[in-house]
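I have placed the structure first, in the form of structure tokens, so that the comments after it can refer back to it.
Residue numbers (the working numbering): 3 to 473.
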């Protein structure tokens, strides 16, 4: 019995051992991740993802929309609040000539994080300091500025991350890091909702959440401070102006192929996907409880499958993983096409389940693929160009989708032929468009392979002819 207790104590002490927890639960016994020379930076980049995700959940999304409503914002203003971060990204290209001059990425990120996120938290004082008529304009100015600076900081973080994390483990590490971001993004909004409900959506509730955000901001900066320093070696080596911000990326054919494909992908996806929430709530009368359960299920599945996508990226290549994720989006949106009032309890859960696979794979593969086609020189410039391009698409796509939906809704034939036809045809357009996008890539790759093999055959034939002449 004593021997059994000793063994039990040994097991308990091992479970409580910090090193064992990190290796087993965080890195899942992956020897490459555990023994990486950049192990300390890896640990703190995960802590940064946890603290950063928690902060953004507390100062954006539902919390920020709820605070805008508390301040008296109209429905139109509230509908734009979640898009402000994306809209601000359109203007990020104009910061590139300045950003590329900074050499020390660690100091840049550390300083900007102490500016941009606390700036957003300052909206808590609007009811105390700003006259009622000016509250909404001041709110919009502050959050636009804060999110714009945050996006600029994210470009520096991405470049820093790529410099520090070794290429051979990047896919697996991104997946592990994303697991913690997903968990936090699922748990913190749930806690935030409980806090706001318990306080009656009062000023006190928002004060608690914004105050908590300050704690996570400090924790995130603690993580930044402990990550290995990284330098932008190309800083100051090239004078850039606004025209260069566009010309340099446009001249890189490999980068532009990737960017153009992503522009088409996001455009096709969001002309329909941006209406999924309103489709469920206003037309299908899906309860918030079911939506919360499906969101939680989606997060749990992502946590399970994210390591798979990391391994696929490292072993099969990020291009193959990205193509697979787009095919999964085809399945995801097709489930939404099948949703009707009678089938909603079957196809909405299926859409969320397939969406867990498509979103998790895309999160890993798109990031890894983007930085494999972006050259090291002017990396932040390329990333800024890409961010602005996608931000513009995210602004335009819902508008285009809304116009198509309005046109379809006016058709009596569609009304009589297909329940909620205006939504379901939008989803069908996305599905068909994504299939055509993928088929176009497949045919293009086959054509390039034929050209390559033909040119190799010609070179081989010439070599053989030369040998025959010489003999």
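For glycine and all other residues, C-beta sits at the position ideal for the given N, C-alpha and C.
Could you check how far apart the C-beta atoms of residue 100 and residue 316 are, in whole angstroms? I think they sit under 8 Å.
-> Contact flag wrong, Cβ pair sits at about 35 Å.
How many angstroms separate the CA atom of residue 223 from the CA atom of residue 50?
-> Per the coordinates, the alpha-carbon of residue 223 lies some 8 Å from the alpha-carbon of residue 50.
Quick one: give me the first and last residue of the alpha helix (DSSP H) that residue 168 is part of.
-> That residue, residue 168, is in no alpha helix (DSSP H); it is neither H nor E in DSSP.
Between the region 300 to 309 and the region 424 to 434, do three or more beta carbon pairs fall short of 8 Å?
-> No, because fewer than three Cβ pairs between the region 300 to 309 and the region 424 to 434 fall closer than 8 Å, the two stretches do not touch.
Is DSSP giving residue 243 helix, strand or coil here?
-> Note: residue 243 maps to coil in three-state DSSP.
C-alpha gap between residue 198 and residue 343, whole angstroms | Going by the C-alpha atoms only, they are around 31 Å apart.
Consult DSSP for residue 325 and reduce its assignment to one of helix, strand or coil.
-> In the displayed model, residue 325 falls within a helix according to three-state DSSP.
Along the chain, where does the alpha helix (DSSP H) that runs through residue 59 open and close?
-> It spans 41 to 61 - the alpha helix (DSSP H) in which residue 59 sits, taken as one unbroken run.
What are the start and end residues of the alpha helix (DSSP H) that includes residue 381?
-> 381 to 411 is the span of the alpha helix (DSSP H), which, as asked, contains residue 381.
Which two residues bound the contiguous alpha helix (DSSP H) that contains residue 264?
-> Run containing residue 264: 255 to 275, per the alpha helix (DSSP H) assignment.
Nearest-angstrom Cβ-Cβ length linking residue 412 and residue 309, presumed shorter than 8 Å | The pair is not a contact, with the Cβ atoms about 48 Å apart (cut-off 8 Å).
Presumed contact (8 Å Cβ cut-off) between residue 221 and residue 158, rounded CB distance | Contact between residue 221 and residue 158 does not hold, since their C-beta atoms are separated by about 19 Å, which reaches or exceeds 8 Å.
So what does DSSP say about residue 29, is it helix, strand or coil?
-> Secondary structure at residue 29: coil, using DSSP grouped into helix, strand and coil.
Straight-line CA distance for residue 216 to residue 419?
-> Rounded to whole angstroms, residue 216 to residue 419 spans 53 Å at the Cα level.
Residue 343, DSSP secondary structure in three states | Annotated three-state conformation of residue 343 is coil, per DSSP.
Buried or exposed for residue 279, please, with buried defined as at least 16 other CB atoms from any protein chain shown within 10 angstroms of its CB.
-> A residue is called buried once 16 or more other Cβ atoms fall within 10 Å of its Cβ, and residue 279, having fewer, is exposed.
What residues in its chain sit with their C-beta under 6 Å from that of residue 394, if we drop five residues either side in the sequence?
-> Take residue 394, set aside five residues on each side of it, and the residues of its chain with a beta-carbon closer than 6 Å to its own are 92, in chain order.
Nonlocal neighbours in the same chain, by C-beta distance under 7 Å from residue 141, ignoring five residues either side = When the five nearest sequence neighbours on each side are left out, the beta carbons in the same chain lying within less than 7 Å of the beta carbon of residue 141 are those of 70, 73, 125 and 128, in order along the chain.
Residue range of the alpha helix (DSSP H) that includes residue 209 = Taken as a continuous stretch (DSSP letters only), the alpha helix (DSSP H) holding residue 209 covers 205 to 227.
Residue 113 (DSSP reduced to helix, strand or coil) = Residue 113 sits in a helix when the DSSP states are folded into three classes.
Look at residue 427 and residue 268 and say whether their C-beta atoms are less than 7 Å apart.
-> No, Cβ-Cβ distance for residue 427 and residue 268 is not below 7 Å.
Consult DSSP for residue 160 and reduce its assignment to one of helix, strand or coil.
-> If DSSP states are grouped into helix, strand and coil, residue 160 belongs with the helices.
DSSP state of residue 249 mapped onto helix, strand, coil = Helix.
Going along the chain, which residues of its own chain have a beta-carbon closer than 8 Å to the beta-carbon of residue 475, five neighbours each way excluded?
-> The displayed coordinates of the chain run from 3 to 473. Any statement about residue 475 would go beyond what the structure contains.
Under the three-state DSSP convention, the category residue 450 falls into | In this structure, residue 450 counts as helix in the three-state DSSP scheme.
Burial state of residue 253 (16 or more Cβ within 10 Å) | Exposed is the call here.
CB of residue 353 within 7 Å of CB of residue 337, strictly = Yes, the pair counts as a contact, with Cβ atoms nearer than the cut-off.
Could you tell me whether the Cβ atoms of residue 396 and residue 90 are closer together than 7 Å?
-> Taking 7 Å as the Cβ cut-off, residue 396 and residue 90 do not qualify as a contacting pair.
Does DSSP classify residue 375 as helix, strand or coil?
-> DSSP places residue 375 within a helical segment (H, G or I) once states are collapsed to three.
Test: residue 343 CB closer than 7 Å to a CB of chain B | Absent here is chain B; the protein component of the structure consists of one chain.
Cβ-Cβ separation, residue 325 to residue 219 (assumed contact under 8 Å), whole Å = In this structure residue 219 is not in contact with residue 325, their Cβ atoms being roughly 38 Å apart against a cut-off of 8 Å.
With burial defined as no fewer than 16 other Cβ atoms inside 10 Å of the residue's Cβ, what is the status of residue 387: buried or exposed?
-> Looking at its Cβ environment, which holds 16 or more other Cβ atoms inside 10 Å, residue 387 is buried.
Beta-carbon spacing of residue 363, residue 327 below 7 Å = The Cβ atoms of residue 363 and residue 327 lie closer than 7 Å to each other.
Residue 201 (DSSP reduced to helix, strand or coil) | Assignment of residue 201 by DSSP, reduced to helix, strand and coil, places it in the coil class.
Where does residue 74 sit, in a helix, a strand or coil, going by DSSP?
-> Under the three-state reduction of DSSP output, residue 74 falls in the coil class, being neither helix nor strand.
Boundaries of the alpha helix (DSSP H) in which residue 419 is found, first to last residue = For residue 419, the enclosing alpha helix (DSSP H) has its first and last residue at 414 to 419.
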